[in-house]
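Asker: Read in our numbering, the sequence shown has 158 at position 159, and its numbers run on one by one without any break.
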Amino acid sequence: MVDVTDFIIGGLSAGCAGFFSNPLDVLKTRMQLQGELKARGLQKGVVAAVILHSIRNCIRLGLYQTALKKGILTDENGKTVFYKSFIISSVCGAAGAFVGSPLFLIKTQLQSQAVQQIAVGFQHNHRGAISALKTIYSQHGLRGLWRGANGTVIRAVAGSSAQLTSFLMAKDALRDVAYLKNRPYLISFIASFIGGVFQTVAVTPFDLISTRLYNQGIDAQGRGLLYSGVIDCCVKVWKTEGFFGFYKGVGANYMRLAPHSVLTLVFWDYFKELHNVYLSKREIVIRQKL
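In structure tokens, the structure reads:
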């Protein structure tokens with residue numbers, strides 16, 4: 000049976016992390032749109048960002064934890080099986096990304112906004128998250144809210160599989176280190192840092208593509224003014240900027256993803272432990288009453 004608490008914990012963990020990592024997300028977004036940073040407003044789109052991270056990871060981490068509890072991801076010794084974790088975390092990441100795509104669209108457009116003198120990329124001039132939602136829906140309907148979803152789903156598959164699989168496998172290895180045996184939160188911290196490194200390498204090219212797809216202007220028919228889709232964006236980046244064009248903003252991306260990964264996964268383990276402690280205490284109270 001699915002435990003709703005697993006989904007709440009997943010969303011809460013990422014929402015808390017998203018609040019702290021949002022300034023770095025703004026830096027990354029603007030670097031990917033122009034390649035240099037000269038703008039203020041480091042908490043642009045913070046509301047959309049926190050809600051986005053909460054919704055996406057409520058689904059992603061909730062589904063992944065459900066699979067973990069059912070023993071789908073591990074062998075008979077309780078060790079993480081690479082291909083099982085890779086497949087399940089990819090599916091979980093894709094599901095969360097698709098549901099949260101409208102908020103990713105709004106967050107990206109809000110974070111790219113700046114005064115004209117220092118503006119980067121196409122400027123949508125939204126007054127806020129609610130205003131952006133109303134404007135996009137009124138002009139382009141439901142389909143407009145999911146514009147660019149294919150890019151962020153591919154991004155999520157790469158990032159989720161790299162992050163969660165490396166995180167669990169690193170934890171398995173670190174538990175065998177004598178010094179760390181009674182230090183679960185230190186294990187979580189080190190493993191989450193490793194997860195952030197793998198996630199950054201895997202996700203940056205897809206992150207750049209989804210950022211550009213989301214932020215581009217569109218015509219009256221809802222078609223992008225710069226890119227027709229993921230493939231077109233990839234081809235144009237390759238032709239004009241070369242291989243390293245896909246890693247534009249990788250430093251800022253790492254500076255955001257590493258702390259965000261650490262905070263999300265450490266919060267995730269911490270909240271799960273709090274929930275387990277609560278369940279244990281409740282069980283004791285129930286037994287005492289019998």
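Virtual Cβ for every residue (Gly too), placed ideally from N, Cα, C.
Taking only runs that begin and end inside the region 171 to 216, name each unbroken alpha helix (DSSP H) of 4 or more residues, in chain order.
Answerer: 183 to 214
Asker: Within a Cβ cutoff of 6 Å, which residues of the same chain sit near Ser165, ignoring the five residues on either side of it in sequence?
Answerer: So the list reads Ile193, Gly194, Phe197, once near-sequence residues are dropped.
Asker: Short of 7 Å in beta carbon distance, which residues of its chain neighbour Ser209, apart from the five on each side in sequence? Order them along the chain.
Answerer: Gly147, Gly150, Thr151, Arg154
Asker: Looking at the structure shown, is Gly223 part of a helix, part of a strand, or coil, going by DSSP?
Answerer: DSSP places Gly223 in strand when its eight states are reduced to three.
Asker: Alpha carbon to alpha carbon, what distance is there between Leu60 and Lys271?
Answerer: 11 Å
Asker: Would you mind sorting Ser102 into buried or exposed? The rule is 16 or more other CB atoms within 10 Å of its CB.
Answerer: As written in the sequence, residue 102 is Leu, which differs from the Ser given in the question. With 16 or more other Cβ atoms within 10 Å, it is buried.
Asker: Excluding sequence positions up to five away, which residues of its chain have a Cβ less than 7 Å from the Cβ of Leu185?
Answerer: Only Leu179 meet the Cβ criterion.
Asker: Only counting runs of 4 or more residues, tell me where the alpha helix (DSSP H) segments fall wholly within the region 45 to 102, in order along the chain.
Answerer: 45 to 68
Asker: Under the rule that 16 or more other beta-carbon atoms within 10 Å means buried, what is Thr239, buried or exposed?
Answerer: exposed
Asker: Got a sec, what are the start and stop residues for the alpha helix (DSSP H) Lys247 sits in?
Answerer: Careful: Lys247 lies outside any alpha helix (DSSP H) and carries neither H nor E.
Asker: May I ask you to report which of helix, strand or coil DSSP gives Trp145?
Answerer: coil
Asker: Under 8 Å: do the region 267 to 285 and the region 225 to 232 share three or more Cβ pairs, one atom per stretch?
Answerer: no
Asker: Check each candidate in Ile8, Ser260, Lys68, Asp2 and name the one with the smallest Cα separation from Tyr269.
Answerer: Ile8
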